[in-house]
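A.B. asks: Just so you know, our numbering puts 150 at position 146 of the sequence shown, and the rest follows in order with no gaps. Beta carbons are placed, not taken as given, at the ideal position from N, Cα and C, and that holds for glycine.
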Amino acid sequence: MTVAERSADRFRASRFLHGYAKGKATWDPAYAAVATLLKASDRPLLDIGCGVGLLAAFLRESRCRQSILGIEPDAAKVRLARDQVAGFYPSLEFQVGDARELPGFSGDVVMLDVLHYLDAACQRVVLDEIAARICPGGRALIRTTFRDGTWRYYATLLEEVFVRVSGWIRGGRCHFPTQEEVLAAFRGPEWSFSVTPMWGRTPFNSHLVVVQRLSPETPQ
Ligand SMILES: C[S@@+](CC[C@H](N)C(=O)[O-])C[C@H]1O[C@@H](n2cnc3c(N)ncnc32)[C@H](O)[C@@H]1O
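1. Residue 139 and residue 110: beta carbons closer than 7 Å?
2. I'd like to confirm the pairing. Which residues does DSSP put opposite residue 210 in its beta bridges?
3. Less than 7 Å between the C-beta atoms of residue 130 and residue 85, yes or no?
4. Mind checking residue 233: buried by the 16 CB within 10 Å criterion, or exposed?
5. Can you tell me the Cα-Cα spacing of residue 154 and residue 101, whole angstroms?
6. Could you please give the first and the last residue of the uninterrupted alpha helix (DSSP H) stretch that includes residue 2?
7. So, under 8 Å CB-CB, residue 62 and residue 35 are touching, yes? Tell me the CB distance rounded to an integer number of Å.
8. Just list the residues that DSSP pairs residue 201 with in beta bridges.
9. Output the distance between the C-alpha atoms of residue 202 and residue 97, rounded to the nearest integer angstrom.
10. Please say whether residue 145 and residue 89 have beta carbons closer to each other than 7 Å?
11. Buried or exposed: residue 99, going by 16 or more other Cβ atoms within 10 Å of its Cβ?
12. Hey, could you find the ends of the alpha helix (DSSP H) residue 99 is sitting in?
Encoded structure:
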């Protein structure tokens with residue numbers, strides 16, 4: 005079985021959930037990219053907006069062994085993450101929580117497809133709070149859509165309408181940041197960054213921003 009199939013196999017609560025997990029783990033390139041970047045890390049990982057815990061399952065199936073704390077405001081998703089994933093692997097914890105009230109933490113941070121649920125002012129505060137939680141040598145991995153006026157940007161806006169109408173995601177309006185707005189929290193000589201298209205086979209404008217807090221031991 006593939007990593008995606010093994011990760012999806014944790015989700016047995018319903019056929020829909022299993023199908024969602026299998027499709028997402030198979031086709032979303034961000035999961036494999038995050039696993040590759042974090043495979044050698046023994047730093048704790050904070051997964052902001054962890055949903056049902058699929059990324060955590062994928063990381064464990066990819067032999068990532070760091071402790072993982074997932075936070076997610078939707079209590080039903082946290083229950084699923086606890087029931088379907090946490091008991092199956094060591095050192096996983098899922099809590100009801102919000103990006104706007106991050107727990108004390110030091111290590112790596114991942115936040116996939118969450119930033120746009122926050123308004124512009126909140127985004128800046130949350131990005132600053134993420135930066136404060138990255139330890140020397142640690143990374144923040146943030147996937148978001150950039151507000152860049154491309155057709156992919158407008159396709160992503162349309163999809164957001166669909167997921168809200170369908171009830172899969174709760175919430176009101178969404179705000180996509182520019183690339184400059186995301187990187188503003190990580191300016192200065194102690195940071196390096198890369199930005200990679202991460203839309204896979206979708207029409208969406210997803211990019212993975214990887215920032216690293218350099219330390220004397222960080223290979224250049
Ligand atoms: C598109 S899903 C992505 C889930 C997960 N990160 C993944 O990639 O599989 C977005 C998630 O962000 C969560 N979310 C929305 N607003 C949030 C907030 N203020 N803080 C943390 N998570 C939030 C949603 O409940 C949802 O589970």
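C.D. replies: This is what the structure holds:
1. yes
2. 149
3. no
4. Not covered by the structure: residue 233. The range shown for the chain is 5 to 224.
5. 33 Å
6. Absent from the model: residue 2. The displayed extent of the chain is 5 to 224, so no value can be given.
7. 5 Å
8. 211
9. 27 Å
10. no
11. exposed
12. Run containing residue 99: none in the alpha helix (DSSP H); it sits in the beta strand (DSSP E), 96 to 100.
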